[in-house]
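Residue numbers (our numbering): 1131 to 1756.
Notes to accompany the following structure.
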């Protein structure tokens, strides 16, 4: 169609409300042609049209599957709609008009060579599919956004987290303004809402949750429901979930529960605290060493040999003892030194120790898992004997701890420095001893989240602990061995600071922030030591010893208060760790060889056993007295 006249002309189509498909070409002749669409029908232009006048849509639908980019512009007025998969010039959609890239209820893209202006009461219409495809307007200029977004959904199952690009500009063109409302024809599924977002060149639509994650199984544990409730609180507050969290909503209930177990961060809840309590307990006992003939003495923090009174030999007391022990002392003591007045003396010692423990979790209750911990250290001390009944000393130790959860849920480790003071006082057959210690821990944790892919989350921080132990006992010389009933009270406190996790590679979407926390345990212990000494040679004796005791621990709940960094500050929750048994049987077995030269070598085994809790510790020590 060509304008043959000498003046500009206007072509009006559709006045009879009918629909027409025109595959020919509308072009200028001697003068320009403008096109006006009227009537309620649809005019489809599939050719490459070269007319240069303005294109106006006053009613019905102008569908461009060809090219009208030579037109000086397209204006859509009230009651009119512009759609299509072709190319048009710059578009202005006035109040009451509509722009719909693609064809009716079908996905497609419309190219706009120029700028787009959507008035405050205009409508932008798009169609989306479950596969992630959507209608889109590709604009070479800028886009000024206003009015309402109208979304039509094609049938199918929509996944939360799906993101659609609805409009994009290229080059120097920018997007300004926002849509004032969104309507949906069809459904994205129950509990799903569309969320709009914008950047400098694009308009996006993402699928988010309306109210909450899917319902968990009735058997879900505390470590599963607590993070789920935190995520739901974020949704209820109007937050938009990041894509990773939206993947949770696409999981069936059983898989969702397993995913929440990973997200809970249980490896940071009490396992490191338990390892700290374990190595501190070993350090306190290293200073007190309540077993026979320790530091030339008897039980309890460097006791002082068989109870009684009298002068003290450099190597052994000459107090009232059993005939066997008296014979052993006489055999290893030179006649010239059989009885000399007491003199102050030093004692230096060093020992290595290491242990392992296992604590059963409560997977169907709190949701905690089996936890294993290991410790190792080297301690050295120096003490001074002020009187035959009084000793004071100090000790230093270095070592490390490690822990891990079952099912590969993560773990951690620490380097440890410990320092302590200890002392003992004897009153006849009674002794009272005590020790106090401080420890610094350079800790690190690690866990892996596989929702989706693999994301390793790590943290590093410094923690401290304070501890003390007081003990009293009474030694009874009894054939065929000596017994020393005792009672002890021990307390420990372990404090971690506020710290954040981060991803070693990739996103930190599921990383947690942990609040500062102080855990404590107080122990009451009642039992008895037993020992017997044997003469080995003219210059050595062997002391065999053991212990049986009952201990009760009052321990604060092993837990952590965590917040999802990606959902902060709303999504906070409590995660619990495995709690050791409160009542424990404590046993010790060991032996020490004491030589007239002042050297002594010792090895011993300690164990603690309770319901679902086992701890094993081995110790080797060398000491020298002068």
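In this text, a Cβ means the ideal position worked out from N, Cα and C, and glycines have one as well.
Which partner residues of residue i appear in the DSSP bridge assignment?
i: residue 1596; result: 1568, 1623
i: residue 1658; result: 1615, 1678
i: residue 1749; result: 1483, 1734
i: residue 1537; result: Answer is none; residue 1537 lacks a bridge partner.
i: residue 1255; result: 1280
i: residue 1515; result: 1475, 1521
i: residue 1532; result: 1504, 1543
i: residue 1754; result: 1478, 1729
i: residue 1608; result: In DSSP, residue 1608 forms no bridge with anything.
i: residue 1146; result: Answer by DSSP bridge pairing: none, since residue 1146 is not bridged.
i: residue 1697; result: BP columns for residue 1697 are empty, so no partner.
Pick helix, strand or coil for residue i, following the three-state DSSP scheme.
i: residue 1663; result: strand
i: residue 1171; result: coil
i: residue 1324; result: strand
i: residue 1438; result: Bear in mind that the predicted position of residue 1438 carries a pLDDT of just 33, short of 50, making it unreliable; the figure below should be weighed with that in mind. It is coil, neither helix nor strand.
i: residue 1582; result: coil
i: residue 1415; result: helix
i: residue 1407; result: helix
i: residue 1343; result: coil
i: residue 1495; result: coil
i: residue 1628; result: coil
i: residue 1215; result: coil
i: residue 1369; result: coil
i: residue 1355; result: helix
i: residue 1309; result: coil
i: residue 1164; result: strand
i: residue 1184; result: coil
i: residue 1245; result: strand
i: residue 1196; result: coil
Going by beta carbon distance, what residues of the same chain come within less than 6 Å of residue i, once the five residues before and after it are set aside?
i: residue 1638; result: 1632
i: residue 1292; result: 1262, 1337
i: residue 1634; result: 1586, 1588
i: residue 1674; result: 1662, 1721
i: residue 1629; result: 1589, 1591, 1644
i: residue 1652; result: 1621, 1684
i: residue 1531; result: 1405, 1409, 1505, 1544
i: residue 1271; result: 1244, 1245, 1303
i: residue 1144; result: 1167, 1168, 1169, 1171, 1173, 1190
So which of the options has the shortest CA-CA distance to residue i?
i: residue 1514; options: 1566, 1671, 1525; result: 1525
i: residue 1622; options: 1556, 1599, 1629; result: 1599
i: residue 1374; options: 1315, 1295, 1367, 1289; result: 1289
i: residue 1503; options: 1709, 1253, 1361, 1265; result: 1709
i: residue 1613; options: 1601, 1677, 1569; result: 1677
i: residue 1320; options: 1271, 1287, 1668; result: 1287
i: residue 1754; options: 1739, 1732, 1746; result: 1732
i: residue 1228; options: 1736, 1245, 1207; result: 1207
i: residue 1409; options: 1570, 1730, 1702; result: 1570
i: residue 1749; options: 1417, 1219, 1666; result: 1417
i: residue 1396; options: 1385, 1593, 1536, 1580; result: 1536
i: residue 1672; options: 1177, 1271, 1729, 1619; result: 1729
i: residue 1163; options: 1538, 1489, 1686, 1179; result: 1179
i: residue 1477; options: 1566, 1512, 1557; result: 1512
i: residue 1277; options: 1719, 1249, 1221, 1664; result: 1249
i: residue 1601; options: 1582, 1554, 1558; result: 1554
i: residue 1501; options: 1382, 1533, 1202; result: 1533
i: residue 1626; options: 1596, 1606, 1605; result: 1596
i: residue 1792; options: 1313, 1273, 1308; result: There is simply no residue 1792 to check, as the chain begins at 1131 and stops at 1756 in what is shown.
i: residue 1251; options: 1294, 1241, 1385, 1274; result: 1274
i: residue 1723; options: 1158, 1668, 1151, 1717; result: 1668
Keeping to the same chain, check which residues put their C-beta closer than 8 Å to that of residue i; ignore five residues upstream and five downstream.
i: residue 1148; result: 1169, 1171
i: residue 1740; result: 1710, 1711, 1712, 1713, 1714, 1715
i: residue 1300; result: 1268, 1269, 1270, 1331
When you measure from the CB of residue i to every non-hydrogen atom of the ligand NAD, does any distance come out below 6 Å?
i: residue 1750; result: Absence of the ligand NAD from the depicted structure is noted, as is the absence of any ligand whatsoever, leaving it without description.
Leaving out five residues on either side along the sequence, give the residues of the same chain with a beta carbon under 7 Å from the beta carbon of residue i.
i: residue 1358; result: 1343, 1346, 1390
i: residue 1372; result: 1639, 1696
i: residue 1403; result: 1624, 1649, 1688
i: residue 1362; result: 1342, 1343
i: residue 1381; result: 1389
Checklist entry - When the Cβ atoms of the stretch 1337-1348 are set against those of the stretch 1378-1390, are three or more pairs found closer than 8 Å? => result yes
Next on the checklist: With a threshold of 8 Å, are at least 3 pairs of Cβ atoms found where one atom belongs to the stretch 1350-1369 and the other to the stretch 1494-1502?
Outcome noted: yes
Item to check | Any 3 or more C-beta pairs closer than 8 Å across the stretch 1572-1584 and the stretch 1536-1550 | outcome: yes
Item to check | Cβ pair count under 8 Å reaching 3, the stretch 1225-1238 against the stretch 1252-1271 | outcome: yes
Next on the checklist: Using 8 Å as the cut-off, can you tell me whether the stretch 1680-1694 makes contact with the stretch 1474-1488, which would need three or more C-beta pairs spanning the two stretches below that distance?
Outcome noted: no
Next on the checklist: Assess contact between the stretch 1208-1228 and the stretch 1186-1194, defined as three or more Cβ pairs (one per stretch) separated by less than 8 Å. Is contact present?
Outcome noted: yes
Item to check | Cβ contact check for the stretch 1700-1709 and the stretch 1649-1667: 3 or more pairs under 8 Å | outcome: no
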